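*Asks:* Sending over a structure as structure tokens; questions will come in a sec.
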Amino acid sequence: MLIYQCEKCQQQYAKVVSVCAKCLCLKLKETEVADDGKLVTWTTIRRAPAGFSVTAPYDVVVVDLICGLRVTGRLAQESIPPRMYARVKRIATEEGSPIFSVMT
Amino acid sequence: MREVYIAGVGSTPFGKHSDTSIENLAVTAVVQALLESTVERDEVGALYLGNFISGPLNGKEILAGLVADRIGLPPIPCTKVEGACASGGIAFRHAYLAVASGQTDIAIAVGVETMTHASTKQTTVALNCAMDNENDGPSGLTFPGLFGLAWRSHEARYGTSRSHVSAVVRKNKKNGLKNPLAQMGAILSEQEIAASLPICDPILLFDCCPTSDGAAAVVLVSKEVSKRISQHLKHPLVEVLASVQTRGSPNIGGHQDLVSFNANVTAAAQAYEKARVNPQNIDLVELHDCFSIAEIIDSEDLGLVPRGQGGYWAIEGRTALDGDIAINPSGGLLAKGHPVGATGIGQIYEVTLQLRHQHSNQVQQARLGMTHNLGGAGVACTVTILRGNM
Chain A
0 MLIYQCEKCQ QQYAKVVSVC AKCLCLKLKE TEVADDGKLV TWTTIRRAPA GFSVTAPYDV
60 VVVDLICGLR VTGRLAQESI PPRMYARVKR IATEEGSPIF SVMT
Chain B
0 MREVYIAGVG STPFGKHSDT SIENLAVTAV VQALLESTVE RDEVGALYLG NFISGPLNGK
60 EILAGLVADR IGLPPIPCTK VEGACASGGI AFRHAYLAVA SGQTDIAIAV GVETMTHAST
120 KQTTVALNCA MDNENDGPSG LTFPGLFGLA WRSHEARYGT SRSHVSAVVR KNKKNGLKNP
180 LAQMGAILSE QEIAASLPIC DPILLFDCCP TSDGAAAVVL VSKEVSKRIS QHLKHPLVEV
240 LASVQTRGSP NIGGHQDLVS FNANVTAAAQ AYEKARVNPQ NIDLVELHDC FSIAEIIDSE
300 DLGLVPRGQG GYWAIEGRTA LDGDIAINPS GGLLAKGHPV GATGIGQIYE VTLQLRHQHS
360 NQVQQARLGM THNLGGAGVA CTVTILRGNM
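So the protein sequences, as listed, match chains A and B. Here numbering that gives the first Met the number 0 is used: the first residue of the first sequence is 0, the next is one more, and so on. Here numbering that gives the first Met the number 0 is used: the first residue of the second sequence is 0, the next is one more, and so on.
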């Protein structure tokens with residue numbers, strides 16, 4: 000999974016930022032980290048936001064990646080059902096959202 | 000900092016006001032507060048107006064000046080502030096600071112929102128502007144969904160169940176029945192709540208606050224002014240012991256703990272320190288129950304209920320009017336309604352009536368009251384502690 004890392008203090012960010020909030024360094028580089036993580040909570044959205052491209056219902060998940068970042072994403076429609084603290088893996092990115100699948 | 004007192008309050012009912020413009024709704028509340036306070040318009044030194052989405056929903060962005068113009072205030076600084084659902088609480092704090100710092104002896108805080116005229120699509124698009132749309136928005140998360148995530152975490156750690164959360168809904172809906180300003184008071188059974196429309200698991204329709212129109216206003220005065228006007232007032236003054244604002248993470252990734260909002264915890268700690276009181280001294284609180292689980296989380300974050308016990312206290316009646324700590328005797332956002340920019344000042348209105356011993360759901364011997372207003376995904380929080388003189 001592509002993240003952004005401060006060249007000075009190594010602080011990591013899930014999305015592109017113009018400055019490191021930790022040390023104010025302006026240099027951040029793209030970094031590949033492992034797609035694996037732990038599902039820390041989830042909800043099934045039954046009423047999608049207006050204009051959202053995915054038809055409800057769908058599961059929004061919060062995942063703690065192995066690198067330490069906590070990210071918000073969506074569960075793949077074909078994934079097995081979510082459960083607390085399940086191992087998950089990012090299998091795609093759709094319109095800026097990581098898409099995860101629960102590991103068996 | 001100087002002592003600050005609430006000299007007058009005003010509020011429209013929360014609900015539907017489709018025949019009234021947003022500025023006229025605010026004017027109604029401000030005029031009530033001014034008349035009650037007995038101060039003259041030309042004595043007012045500043046006005047702060049809390050509002051979130053008057054631009055997208057009403058096509059109006061200069062509300063503070065509009066409202067001041069409609070009631071003939073002098074050419075004073077009039078400022079609109081925005082902090083999503085905490086906009087009203089932030090406006091109150093700015094007015095408090097204006098008086099406490101000596102900048103002026105009299106300031107007005109007003110909050111207003113009109114939402115019911117807009118379509119569900121327009122409203123949800125506007126409300127989602129309070130989300131971090133770089134980090135959380137692309138997943139398709141909604142605000143009910145945010146609290147669905149929090150509920151699951153709370154359930155996993157503390158065993159908070161549907162019955163616990165429904166106890167919050169039942170209490171607040173019941174409290175709302177006796178509040179003349181409330182939009183949706185009701186007597187609900189646990190079965191009726193459990194059978195309501197699924198919104199985002201485990202959140203159901205009755206777990207959500209309604210869409211509302213409404214306005215509330217407060218006139219704040221210095222101690223010097225309070226002494227001058229006290230003989231003319233028909234009610235006792237209420238003292239502002241603390242008015243605090245904090246920032247939390249705008250996105251979920253920034254929250255270390257998904258069963259707590261950092262901004263809540265730090266705001267409460269600062270407020271207790273400034274007011275020189277502790278949570279056990281608080282007689283009642285109006286807190287930000289935008290969704291039923293939020294009341295449980297907030298009550299724990301504010302230190303009013305032991306961590307993890309929010310649901311248990313609700314189901315045992317310990318947060319009822321006659322409980323250990325009365326939470327949302329107004330009916331809260333769930334029953335009174337949530338006209339976003341007005342909510343924080345509506346909470347001040349409710350607690351002020353309680354501390355004057357004038358409330359329709361009066362908490363017996365209420366002396367110390369608290370308000371709590373939370374914006375976005377926990378990005379802005381205000382906490383106020385008020386003391387009555389009864």
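Using N, Cα and C, we set each Cβ at its ideal position, and we do this for glycine too. All values reported here derive from a predicted model rather than from experimental measurement.
Give, in chain order, every residue of the region 155-178 of chain B whose Cβ lies closer than 7 angstroms to some Cβ of chain A.
*Replies:* Ala155
*Asks:* If we count Cβ pairs, one from each stretch, closer than 8 angstroms, do we get three or more for the region 351-366 of chain B versus the region 220-227 of chain B?
*Replies:* no
*Asks:* Does the separation of the CB atoms of Arg92/B and Val26/B fall below 8 angstroms?
*Replies:* Taking the first residue of the second sequence as position 1, residue 92/B is located at position 93. Taking the first residue of the second sequence as position 1, residue 26/B is located at position 27. Taking 8 angstroms as the Cβ cut-off, Arg92/B and Val26/B do not qualify as a contacting pair.
*Asks:* Report yes or no: is there a C-beta of chain A within less than 8 angstroms of the C-beta of Cys199/B?
*Replies:* If you number the second sequence from 1, residue 199/B lands on position 200. Cβ-Cβ to chain A under 8 angstroms: yes for Cys199/B.
*Asks:* What residues match up with Ala10/B in a beta bridge as DSSP calls it?
*Replies:* Taking the first residue of the second sequence as position 1, residue 10/B is located at position 11. According to the sequence shown, residue 10/B is Ser rather than Ala. Beta-bridge pairing links Ser10/B to Ala215/B.
*Asks:* Can you give me the C-alpha to C-alpha distance between Lys79/B and Tyr4/B, rounded to a whole angstrom?
*Replies:* As a working note, residue 79/B is residue 80 in the second sequence. As a working note, residue 4/B is residue 5 in the second sequence. The straight-line gap from Cα to Cα measures roughly 22 angstroms.
*Asks:* Got a sec, what are the start and stop residues for the beta strand (DSSP E) Thr78/B sits in?
*Replies:* Within the second sequence, residue 78/B is the residue found at index 79, counting from 1. First-last of the beta strand (DSSP E) with Thr78/B: Cys77 to Val80.
*Asks:* Can you pull the chain A neighbours of Ser152/B, defined as C-beta to C-beta under 8 angstroms?
*Replies:* To locate residue 152/B, count along the second sequence from 1; it is residue 153. Residues of chain A passing the Cβ test: Val39 and Thr40.
*Asks:* Going by beta carbon distance, what residues of the same chain come within less than 6 angstroms of Gly374/B, once the five residues before and after it are set aside?
*Replies:* On the second sequence, position 375 is the one that residue 374/B refers to. Answer for Gly374/B: Gly82, Ala83, Cys84 and Ala85, listed in chain order.
*Asks:* Among residues of its own chain, excluding the 5 on either side of Tyr311/B, which ones have a beta-carbon nearer than 7 angstroms to its beta-carbon?
*Replies:* Numbered from its first residue, the second sequence carries residue 311/B at position 312. Here the set comprises His163.
*Asks:* If you reduce the DSSP assignment to three classes, tell me which class Asp297/B lands in.
*Replies:* Looking up residue 297/B in the second sequence gives position 298. Three-state result, Asp297/B: helix.
*Asks:* In whole angstroms, what is the alpha-carbon distance linking Gln364/B and Lys233/B?
*Replies:* Sequence index remark: in the second sequence, residue 364/B carries index 365 (1-based). Sequence index remark: in the second sequence, residue 233/B carries index 234 (1-based). Going from the Cα of Gln364/B to the Cα of Lys233/B covers about 19 angstroms.
*Asks:* I need the DSSP call for Ile251/B, collapsed to helix, strand or coil.
*Replies:* Taking the first residue of the second sequence as 1, we reach residue 251/B at position 252. Helix at Ile251/B.
*Asks:* Determine the direct distance from the alpha carbon of Asn178/B to that of Ser165/B, and round the result to whole angstroms.
*Replies:* Taking the first residue of the second sequence as position 1, residue 165/B is located at position 166. Taking the first residue of the second sequence as position 1, residue 178/B is located at position 179. Straight-line Cα distance between these residues: approximately 20 angstroms.
*Asks:* Tell me, please, whether the CB atom of Ile2/A is closer than 8 angstroms to any CB atom in chain B?
*Replies:* Residue numbering aside, residue 2/A sits at position 3 when the first sequence is read from its first letter. Closer than 8 angstroms: no.
*Asks:* Just verifying my parser: in three-state terms, what is the DSSP assignment at Ile89/B?
*Replies:* Position 90 of the second sequence, counted from the first residue, corresponds to residue 89/B. It is helical.
*Asks:* For Gln279/B, count the other beta carbons within 10 Å of its own beta carbon; 16 or more makes it buried, fewer makes it exposed. Which is it?
*Replies:* By one-based count along the second sequence, residue 279/B stands at place 280. With fewer than 16 Cβ atoms within 10 Å of its Cβ, Gln279/B is classed as exposed.
*Asks:* What number of angstroms, rounded off, separates the C-alpha of Ala49/A from the C-alpha of Val218/B?
*Replies:* Locating residue 49/A in the first sequence gives position 50, counting from the first residue. Locating residue 218/B in the second sequence gives position 219, counting from the first residue. Going by the C-alpha atoms only, they are around 39 angstroms apart.
*Asks:* Name, please, each residue of chain A whose Cβ falls closer than 9 angstroms to the Cβ of Asp206/B.
*Replies:* Numbered from 1 along the second sequence, position 207 holds the residue referred to as residue 206/B. Here the premise fails: no neighbours, minimum Cβ distance about 12 angstroms.
*Asks:* Among Asn171/B, Ala325/B and Leu301/B, which one has its Cα closest to the Cα of Asp282/B?
*Replies:* Within the second sequence, residue 282/B is the residue found at index 283, counting from 1. Taking only the C-alpha atoms, the option nearest Asp282/B is Ala325/B.
*Asks:* What residues are listed by DSSP as bridge partners for Tyr3/A?
*Replies:* As a working note, residue 3/A is residue 4 in the first sequence. Answer by DSSP bridge pairing, in chain order: Tyr12/A and Glu29/A.
*Asks:* Anything in the region 107-128 of chain B with a Cβ closer than 7 angstroms to a Cβ of chain A? List those residues in chain order, please.
*Replies:* From the region 107-128 of chain B, only Lys120, Thr123, Val124 and Asn127 have a Cβ closer than 7 angstroms to chain A.
*Asks:* Please check if any C-beta of chain B sits within less than 8 angstroms of the C-beta of Glu94/A.
*Replies:* As a position in the first sequence, residue 94/A is number 95, starting the count at 1. So, interface residue.
*Asks:* What's the call for Leu196/B, buried or exposed, on a 16-neighbour Cβ count within 10 Å?
*Replies:* Along the second sequence, read from residue 1 onward, the residue named residue 196/B stands at position 197. Exposed, because fewer than 16 other Cβ atoms sit within 10 Å of the Cβ of Leu196/B.
*Asks:* State the Cα-Cα distance for the pair Thr122/B and Cys199/B, rounded to the nearest angstrom.
*Replies:* Taking the second sequence and counting its residues from 1, one reaches residue 122/B at position 123. Taking the second sequence and counting its residues from 1, one reaches residue 199/B at position 200. The straight-line gap from Cα to Cα measures roughly 18 angstroms.
*Asks:* Could you pull out every residue in the same chain whose Cβ sits closer than 7 angstroms to the Cβ of Leu322/B, ignoring the five residues on either side in sequence?
*Replies:* For the purposes of this step, residue 322/B is identified with residue 323 of the second sequence, where counting begins at 1. Before going further, note that residue 322/B is Gly rather than Leu in the sequence given. Closer than 7 angstroms at Cβ, skipping near neighbours: Gly316.
*Asks:* How many Å lie between Gly101/B and Met0/B at the Cα?
*Replies:* Residue numbering aside, residue 101/B sits at position 102 when the second sequence is read from its first letter. Residue numbering aside, residue 0/B sits at position 1 when the second sequence is read from its first letter. Spanning the two alpha carbons is a distance of roughly 8 angstroms.
*Asks:* Under a CB-based cut-off of 8 angstroms, is Ile251/B close to chain A?
*Replies:* The count along the second sequence starts at 1 and reaches residue 251/B at position 252. Judged by the 8 angstroms Cβ criterion, Ile251/B is in contact with chain A.
*Asks:* To be precise: take each residue of the region 253-279 of chain B, compare its Cβ to all Cβ atoms of chain A, and keep it if any distance is under 7 angstroms. Which residues remain?
*Replies:* Leu257
*Asks:* What is the DSSP secondary structure of Pro55/B, counted as helix, strand or coil?
*Replies:* Stepping through the second sequence from its first residue, residue 55/B is reached at position 56. Helix.
*Asks:* Could you name the residues of the region 125-149 of chain B whose beta carbon sits closer than 7 angstroms to any beta carbon of chain A, in the order they occur along the chain?
*Replies:* Within the region 125-149 of chain B, Asn127, Glu133, Asn134, Asp135, Pro137, Ser138, Gly139, Leu140, Thr141, Gly144, Gly147 and Leu148 place their CB atoms closer than 7 angstroms to a CB of chain A, listed in sequence order.
*Asks:* Between Lys273/B, Ile292/B and Gly9/B, which has its C-alpha nearest Ser152/B's C-alpha?
*Replies:* The sequence position of residue 152/B within the second sequence is 153, counting from 1. With distances taken between Cα atoms, Ser152/B lies closest to Ile292/B.
*Asks:* Going straight from the alpha carbon of Val70/A to that of Ile98/A, what length do you get?
*Replies:* Within the first sequence, numbered from 1, the residue matching residue 70/A stands at position 71. Within the first sequence, numbered from 1, the residue matching residue 98/A stands at position 99. Whole-angstrom Cα-Cα distance: 11 angstroms.
*Asks:* If you run the structure through DSSP and keep just helix, strand and coil, what is Arg169/B?
*Replies:* Residue numbering aside, residue 169/B sits at position 170 when the second sequence is read from its first letter. Looking at Arg169/B - three-state DSSP - the assignment turns out to be helix.
*Asks:* Give the interface partners of Thr43/A over in chain B, defined as CB-CB distance under 7 angstroms, in chain order.
*Replies:* As a position in the first sequence, residue 43/A is number 44, starting the count at 1. Simply Cys199 and Asp200.
*Asks:* With the cut-off set at 8 angstroms, would you say Glu42/B and Gly7/B are in Cβ contact?
*Replies:* Sequence index remark: in the second sequence, residue 42/B carries index 43 (1-based). Sequence index remark: in the second sequence, residue 7/B carries index 8 (1-based). No, the Cβ-Cβ distance between Glu42/B and Gly7/B is not below 8 angstroms.
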